[in-house]
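Peer 1:
There are 2 protein chains.
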Amino acid sequence: MDMYEQIDQSLSRYVSFSKEELEILNSLLEYRKVPKKTIMLHEGEVCNFEAFVVKGCVRKYFIDHNGFEVILQFAIENAWVSDISFSHYEDKPSRTFIETMEDCEFLIFSPETKEELLKRAPRFERAFRILFERNLSVTQNRLFNTISKTAMEKYLEFLEMYPTLPQRVAQHYIASYLGISAEFLSKVRAKLAKQ
Amino acid sequence: MDMYEQIDQSLSRYVSFSKEELEILNSLLEYRKVPKKTIMLHEGEVCNFEAFVVKGCVRKYFIDHNGFEVILQFAIENAWVSDISFSHYEDKPSRTFIETMEDCEFLIFSPETKEELLKRAPRFERAFRILFERNLSVTQNRLFNTISKTAMEKYLEFLEMYPTLPQRVAQHYIASYLGISAEFLSKVRAKLAKQ
DNA sequence: TCAAAACATTGAACTAGGACAAGAAAACAG
DNA sequence: CTGTTTTCTTGTCCTAGTTCAATGTTTTGA
Chain A
65 MDMYEQIDQS
75 LSRYVSFSKE
85 ELEILNSLLE
95 YRKVPKKTIM
105 LHEGEVCNFE
115 AFVVKGCVRK
125 YFIDHNGFEV
135 ILQFAIENAW
145 VSDISFSHYE
155 DKPSRTFIET
165 MEDCEFLIFS
175 PETKEELLKR
185 APRFERAFRI
195 LFERNLSVTQ
205 NRLFNTISKT
215 AMEKYLEFLE
225 MYPTLPQRVA
235 QHYIASYLGI
245 SAEFLSKVRA
255 KLAKQ
Chain B
65 MDMYEQIDQS
75 LSRYVSFSKE
85 ELEILNSLLE
95 YRKVPKKTIM
105 LHEGEVCNFE
115 AFVVKGCVRK
125 YFIDHNGFEV
135 ILQFAIENAW
145 VSDISFSHYE
155 DKPSRTFIET
165 MEDCEFLIFS
175 PETKEELLKR
185 APRFERAFRI
195 LFERNLSVTQ
205 NRLFNTISKT
215 AMEKYLEFLE
225 MYPTLPQRVA
235 QHYIASYLGI
245 SAEFLSKVRA
255 KLAKQ
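Sequence lines, in order, name chains A and B.
Here our numbering is used: the first residue of the first sequence is 65, the next is one more, and so on.
Here our numbering is used: the first residue of the second sequence is 65, the next is one more, and so on.
(1) Any idea if Thr-228 (chain B) is buried or exposed, counting beta-carbon neighbours within 10 angstroms, 16 or more meaning buried?
(2) So, do the region 98-115 of chain A and the region 157-170 of chain B have three or more beta carbon pairs nearer to each other than 8 Å?
(3) How big is the Cα-Cα spacing for Phe-138 (chain B) and Lys-124 (chain B)?
(4) Is the beta carbon of Lys-100 (chain A) less than 8 Å from the beta carbon of Asp-167 (chain A)?
(5) Return the CA-CA distance between Ala-254 (chain B) and Leu-223 (chain B), expressed in angstroms with no decimal places.
(6) Chain B partners of Asn-199 (chain A), CB-CB under 9 Å?
(7) Check the Cβ of Gln-204 (chain A) against every Cβ in chain B and list those closer than 8 Å, keeping chain order.
(8) Using three-state DSSP, classify Leu-171 (chain B) as helix, strand or coil.
(9) Relative to the C-alpha of Glu-84 (chain B), which residue among B:Glu-94, B:Pro-186, B:Asn-130 is closest?
(10) At the level of alpha carbons, what is the spacing between Leu-105 (chain B) and Asp-147 (chain B)?
(11) Here's the rule: buried if 16 or more other CB atoms are within 10 angstroms of the residue's CB, otherwise exposed. What is Arg-206 (chain B)?
(12) Rounded to whole angstroms, how far is the Cβ of Leu-171 (chain A) from the Cβ of Tyr-95 (chain A), which I believe are closer than 8 Å?
(13) Could you name the residues of chain B that Phe-132 (chain A) contacts, counting a contact when the two beta carbons are closer than 8 Å?
(14) Pick out the complete beta strand (DSSP E) segments inside the region 190-226 of chain B, 3 residues or longer, and give them in chain order.
(15) Is the beta carbon of Ala-185 (chain A) within less than 7 Å of some heavy atom of the ligand FAD?
(16) Taking 8 Å as the CB-CB cut-off, is Gly-243 (chain B) touching chain A?
(17) Roughly how many angstroms separate the alpha carbons of Glu-221 (chain A) and Ala-257 (chain B), rounded to a whole number?
(18) To the nearest angstrom, report how far apart Ile-71 (chain A) and Val-98 (chain A) are at their CA atoms.
(19) Does the region 73-84 of chain B come close enough to the region 231-247 of chain A to have 3 or more Cβ pairs within less than 8 Å?
(20) Within 8 Å (strictly less), CB to CB, does Tyr-153 (chain B) reach chain A?
(21) Per DSSP, what kind of secondary structure is Val-122 (chain A) in: helix, strand or coil?
(22) Cutting at 6 Å between CB atoms, please list the residues of its own chain near Phe-116 (chain B), excluding the five before and the five after it.
(23) Taking only beta-carbon positions, decide if Pro-186 (chain A) is within less than 8 Å of chain B.
(24) Within the region 76-115 of chain A, note down every full beta strand (DSSP E) run reaching 3 residues or more, in order along the chain.
(25) Give the residues from the region 103-124 of chain B that approach chain A closer than 7 Å (Cβ to any Cβ), ordered along the chain.
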């Protein structure tokens, strides 16, 4: 499957698009290869892309006032990553970083090309709204887990949700995603192992 | 200001609408008064409304496996409340409750009337997408706070964000929103008071 | 108006998870 | 292949926040 089929199928899960609409979509996307460990968005910058992950894995994170990363999102194949923290609409700089964790391939919108897509094929507005709804739903669920579950429970649920990630990324990133220290995750895993 | 002006102004912050578009909007909304302490959405139900709060205050929450509430959202005047946890699109029942905390007035969409609005005035799709983006941004920020800040810091930030809420709702709800115990919030406040 | 219920405070004992440190194991670049 | 860096583990000590319980305060509603 080529990457345009990949993104077309992914968006067609929410709304069914005509051949013409999909052609407009594909013609507006920019293909970009990005090597491992590249910071695609620095703190303070306004994010000027929305990227569909064709291949690879990125993380999006904040840095807290003690200098610790808090990972907000892992984006792997077929996920979208961007930072909309008010910044598009209020020109507030974001506190967010986006960084590749593997060599990656993306299909990318700039604000302008996205705008043009929505003008020429307005039905995409709906698909993107649904994407946001899901994203919100996932984030709310994660907030719930963060508040109400133990480290062990959170880790087990993480494994179900992202079964391949532990093989792909360093463990301390997972700890950061779960909101626990790397050392404590190690202890949780040790406990799990001897059961 | 009557309530239609109120909702029109609120949505016009994101997209400017014509008189005709706003008339369509207003004609499709249902006005509903709901007394205090009414559960508008029970766990397991599919949420069939999106409510704009004209007046009053509601909370949206999950119940964890120990029977404790975790508050996901307070919605006061000019906010929207609904539960989209996948349910609209996958018919999965939600774990969410929505409950009024004061006598409330709403302007309400059903899925059908919202659909009709978007068909007849598609530019609203954009305004609702922006609402979701902000909602996501707020939720991500809250996740960050929950993971990386102390109870004291979270409470202070909460006070800035919702300065009127402590006068309007019981303190243990605020504790639940912050992800700390009611007792500990009381201690945090005691500490604050003597400074 | 008053009893009941809900809410808030405070203290004492406890625990999940954090911070630090030191060593082992992997991964990585030259 | 080998030294360097990054990652992972394990132990010890520590603390922010929890739980439980008792008491006081406010709100409610009949």
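From the three backbone atoms N, C-alpha and C, an ideal C-beta is built for every residue, glycine too.
Owing to the predicted nature of the structure, the values given are computational and were not obtained by experimental measurement.
Peer 2: Reading it off the structure:
(1) exposed
(2) no
(3) 7 Å
(4) yes
(5) 15 Å
(6) Phe-196, Leu-200, listed in chain order.
(7) Leu-136, Ser-149, Thr-203
(8) strand
(9) Per the Cα distances, B:Pro-186.
(10) 9 Å
(11) buried
(12) 6 Å
(13) Taking the beta carbon of Phe-132 (chain A) as reference, the chain B residues within 8 Å of it are Ser-212, listed in sequence order.
(14) The qualifying runs do not exist here; there are none.
(15) Absent from the structure shown: the ligand FAD. Ligands present: none.
(16) Yes, Gly-243 (chain B) counts as interfacial toward chain A.
(17) 40 Å
(18) One C-alpha to the other measures close to 18 Å.
(19) no
(20) Residue placement at Tyr-153 (chain B) is flagged as unreliable, the pLDDT there being 45, under the threshold of 50; the coordinate-derived value follows with that caveat. Yes, Tyr-153 (chain B) counts as interfacial toward chain A.
(21) It is a strand residue.
(22) Ile-71, Trp-144, Leu-171
(23) yes
(24) 94-98, 103-105
(25) none
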